[in-house]
Amino acid sequence: MSKPKLALYWAASCGGCEITVLDIEEKILDVAEFFDIVFWPCAMDFKYEDVQAMGEKEIDITLFNGAIRTSENEQMAKLLREKSKILIAFGSCAHEGCIPGLANFFDRKGIFEYAYKQSPTVEEETRGTYPQPHTRVPEGEIEIPEFYDTVKTLDQVVEVDYIIPGCPPQSFQVWGVLQAVMDILKTGKPLPPKGAVLGAGDKTCCDECPRERKEKKIKEFVRPHQIIPKEDECLLDQGILCMGPATRSGCGALCVKANIPCRGCYGAPPNVRDQGAKMISALSSVVDASNPEEARKILETIADPLGTFYRFSLAHSTFRRAQIPNGKAQEKVVAQQEAEAIH
Amino acid sequence: MEAKSVREKEQPKTKETFEPKIVAFMCNWCAYSGADLAGVSRLQSSPNIRIIRTMCSGRVDPAMIMRAFELGADGVLVAGCHFGDCHYIEGNYKTMRRIELLKMVLARLGIDERRLRLEWISASEAEKYARVSFEFTEQIRELGPLELRMN
Ligand code: SF4
Ligand code: SF4
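Chain order of the listed sequences is A and B.
With the working numbering, the residue at position 322 of the first sequence is 396, and numbering never jumps.
With the working numbering, the residue at position 37 of the second sequence is 55, and numbering never jumps.
In structure tokens:
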């Protein structure tokens, strides 16, 4: 019998998800033994044409990491969808946009404007030269992928079968999923229900956190560098904005165990559609204010609330992006964010 | 099944044809009763308001408000009991803090925070309900239709 086929691909991502696969260490050899790895640009020399030449649903499983930033990302997502029986959104970028998705506070115009004109690191001779989808050179025309206004998640462009959350997914979880998949393929056991979140828990990060929680009454939020947090007390109780209550369990409370707050990389907990909304709800219960003015004063001590609540999930949130009119109002958003960063 | 936004079915709105769609979450014990009293007393109130009754204003999750905007609301009103009157003791304090934070988030997302309004309306304040309903409708009319951009 021929081996089941496995593909891995990266779209708009940092590469961390690729590393996490290798972080399963020598067990990668078991994976290579069990599967026929047919596509993995990061590690092996396959080309686009190799995938194109495959039959429909010829690949058994594709682990797709990265968000959809360009037309090329979308094209690859569609191609791999067509060629795969099971397509898994692997990691936070594919799942909910992650850090690349934060670009949705701007749009193409604003991003280009900064990256190719305003940024101090742009060379003077090329200042204000923007990438064009088509460029004429003596040898002919060069085409590069289109840069979208809005970063999308994998499930916003193709149908996704399963999700493995995390930035990156923890390697012990990746190995757990791979083992389960190999077992299913060997024994013919039923697959998990479509849309299931694999390699994570079904509670919140707080459930895995060893820190002691008390009744919270927050008068002021502080940033991690402003205090030396006590090691055994809940960080949120100490006024440090910890995303634990609005984040799915699964990582083993990695960050909080290292004395830094959870940033929310495992995404929204089960049955939550919008991670930021969940965090708003959680914080409203702990802020110690009995009138709107007092509440505002305390809440304004949160540095960059939007970027904090939606650090990983903006592209998958209710509104998906900042509601700025096309190309306009960049200055306002930038000014506000810069002011908050200084604060 | 995913509910479809009414925006997708609608004709583009112009200033003249725009009728604000307002969703109001009102608590069972005070605000809803106040609105009910307005009806029973035959007081005029704004027909632009669609009321959803909740047990407590504290039940109104920010996700519900966002969802209302997503599905086509131009404004959202949340109304509950006055401080001290909450049937569940302090649900409305929670609501107050929640709405403050949600407004901050909406504003940073580029959605005018005046599209979200919080009011305390007791079961006997039919007139207040009627007044707020018109005031808010006019406010939203002035702000114009909420056009969400997803791409
Ligand atoms: S809020 Fe953060 S520190 Fe507190 S219990 Fe939850 S995960 Fe732990
Ligand atoms: S503690 Fe939070 S941010 Fe850190 S790995 Fe876990 S889910 Fe991600």
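Glycine included, each C-beta is placed from N, C-alpha and C at the ideal position.
Nothing here was measured: the structure is a model prediction, and the numbers come from that model.
Does ligand 1 have a heavy atom nearer than 7 Å to the CB of Gly-318 of chain A?
The answer is yes for Gly-318 of chain A.
How about Gly-165 of chain A and Ala-389 of chain A: do their beta carbons lie closer than 8 Å?
The answer is no: Cβ separation not under 8 Å.
Pull up the CB-CB distance for Met-73 of chain B and Cys-45 of chain B, whole angstroms please, since I reckon it's below 8 Å.
Sure, about 7 Å apart at Cβ, within 8 Å.
For chain A, find out if any of its Cβ atoms is closer than 8 Å to the Cβ of Leu-134 of chain B; answer yes or no.
Chain A contact via Cβ: absent.
Report back the beta-carbon spacing between Ala-81 of chain A and Ser-158 of chain A to the nearest angstrom; my notes put them in contact at under 8 Å.
With a Cβ gap of about 7 Å, Ala-81 of chain A and Ser-158 of chain A count as contacting.
Confirm, please, whether the CB-CB distance from Gly-250 of chain A to Cys-283 of chain A is below 8 Å.
Result no, Cβ atoms of Cys-283 of chain A and Gly-250 of chain A do not sit closer than 8 Å.
Given that Leu-166 of chain B touches chain A, what residues does it touch there, using C-beta distances under 7 Å?
Simply Phe-393, Gln-397.
Quick one: residues in its chain with C-beta nearer than 7 Å to the C-beta of Glu-37 of chain B, no 5 flanking neighbours on either side, listed in chain order?
These residues qualify, in order along the chain: Asn-66.
Is any beta-carbon of chain A found at less than 8 Å from that of Ala-81 of chain B?
Ala-81 of chain B counts as touching chain A.
Is there a C-beta anywhere in chain E that falls below 8 Å from the one on Val-123 of chain B?
As a matter of chain content, chain E is missing from the structure shown, whose protein chains are A and B.
Quick check: what's the CA-CA separation for Val-105 of chain A versus Asp-276 of chain A?
Going by the C-alpha atoms only, they are around 27 Å apart.
Can you pull out the residues from the stretch 334–359 of chain A whose beta carbon lies closer than 8 Å to at least one beta carbon of chain B?
Within the stretch 334–359 of chain A, the qualifying residues are Val-346, Arg-347, Asp-348, Gly-350, Ala-351, Lys-352, Ile-354, Ser-355, Leu-357, Ser-358, Ser-359.
Is Arg-337 of chain A near ligand 2, in the sense that its beta carbon is under 7 Å from a heavy atom of that ligand?
It does: the Cβ of Arg-337 of chain A is within 7 Å (strictly closer) of some heavy atom of ligand 2.
Determine, for Asn-169 of chain B, whether the minimum Cβ-Cβ distance to residues of chain A falls below 8 Å.
Cβ-Cβ to chain A under 8 Å: yes for Asn-169 of chain B.
What are the boundary residues of the beta strand (DSSP E) that includes Tyr-236 of chain A?
From DSSP, the beta strand (DSSP E) with Tyr-236 of chain A extends over 236–238.
Ligand 2 and Leu-328 of chain A: does the residue's C-beta get closer than 7 Å to at least one heavy atom of that ligand?
Yes, since a heavy atom of ligand 2 falls inside the 7 Å radius drawn around the Cβ of Leu-328 of chain A.
Please determine, among A:Lys-263, A:Gly-341, A:Asn-333, A:Glu-305, the residue with the shortest C-alpha to C-alpha distance to Gly-273 of chain A.
Comparing Cα positions, the closest option is A:Gly-341.
In chain B, what lies closer than 9 Å to Thr-30 of chain A by C-beta?
The structure shown does not extend to residue 30 of chain A, since chain A is modelled only from 75 through 417, so no value can be given for it.
Do Glu-289 of chain A and Cys-307 of chain A come within 8 Å of each other at the CB atom, strictly closer than that value?
According to the sequence provided, residue 307 of chain A is Glu. The question's Cys does not apply to it. Not closer than 8 Å, so no.
Are the C-beta of Leu-61 of chain B and some C-beta of chain A separated by less than 8 Å?
For Leu-61 of chain B, the answer is no, since every Cβ of chain A falls outside 8 Å of its Cβ.
Under a Cβ-count criterion, where at least 16 other Cβ atoms within 10 Å of its own Cβ denotes burial, should Lys-352 of chain A be classed as buried or exposed?
Counting Cβ neighbours within 10 Å, Lys-352 of chain A comes out buried, since at least 16 surround it.
Run the CB neighbour count on Gly-89 of chain A, radius 10 Å, all protein chains shown included, and call it buried at 16 or more, exposed below.
Per the 10 Å Cβ criterion, exposed.
Could you tell me the distance, in whole angstroms, from the CA atom of Gln-126 of chain A to the CA atom of Gln-300 of chain A?
One C-alpha to the other measures close to 53 Å.
Who pairs with Asp-110 of chain A in a beta bridge, going by DSSP?
Bridge partners of Asp-110 of chain A: A:Lys-79.
If you measure from the CB of Leu-309 of chain A, is any heavy atom of ligand 1 nearer than 7 Å?
Yes.
Taking the alpha carbon of Val-231 of chain A as the point to measure from, which residue in A:Pro-239, A:Tyr-222, A:Arg-370 has its own alpha carbon closest?
Considering only alpha carbons, the answer is A:Tyr-222.
What residues from chain A crowd round Tyr-111 of chain B, counting only those whose CB sits closer than 7 Å?
In chain order: Ser-364.
Taking all protein chains shown into account, do 16 or more other C-beta atoms lie within 10 angstroms of the C-beta of Tyr-384 of chain A, making it buried, or fewer, making it exposed?
It counts as buried.
What does DSSP give as the partner residue(s) for Thr-72 of chain B in the beta ladder?
B:Cys-45.
Given a limit of 8 Å on CB to CB distance, which residues of the stretch 378–389 of chain A reach chain B?
Per Cβ criterion, the list reads Pro-379, Leu-380, Phe-383.
With 7 Å as the limit, tell me which residues of the stretch 286–305 of chain A have their beta carbon closer than that to any beta carbon of chain B; keep them in chain order.
Hits within the stretch: zero.
Opposite Asn-139 of chain A in the DSSP bridges: which residues?
Asn-139 of chain A is bridged to A:Trp-84.
Does Asp-92 of chain B have its Cβ less than 8 Å from a Cβ in chain A?
Taking Cβ atoms only, chain A never reaches closer than 8 Å to Asp-92 of chain B, which makes this a no.
Using a Cβ-Cβ distance cut-off of 8 Å, determine whether Leu-315 of chain A contacts chain B.
Chain B, which has no Cβ nearer than 8 Å to the Cβ of Leu-315 of chain A, makes this no.
Please check the pair Ala-56 of chain B and Ala-148 of chain B, which I expect to be a contact at CB under 8 Å, by giving their CB distance rounded to whole angstroms.
Rounded, the Cβ-Cβ distance is 5 Å, consistent with contact.
Measuring from the CB of Cys-241 of chain A, is there a heavy atom of ligand 1 at a distance below 7 Å?
False, no ligand heavy atom lies under 7 Å from that Cβ.
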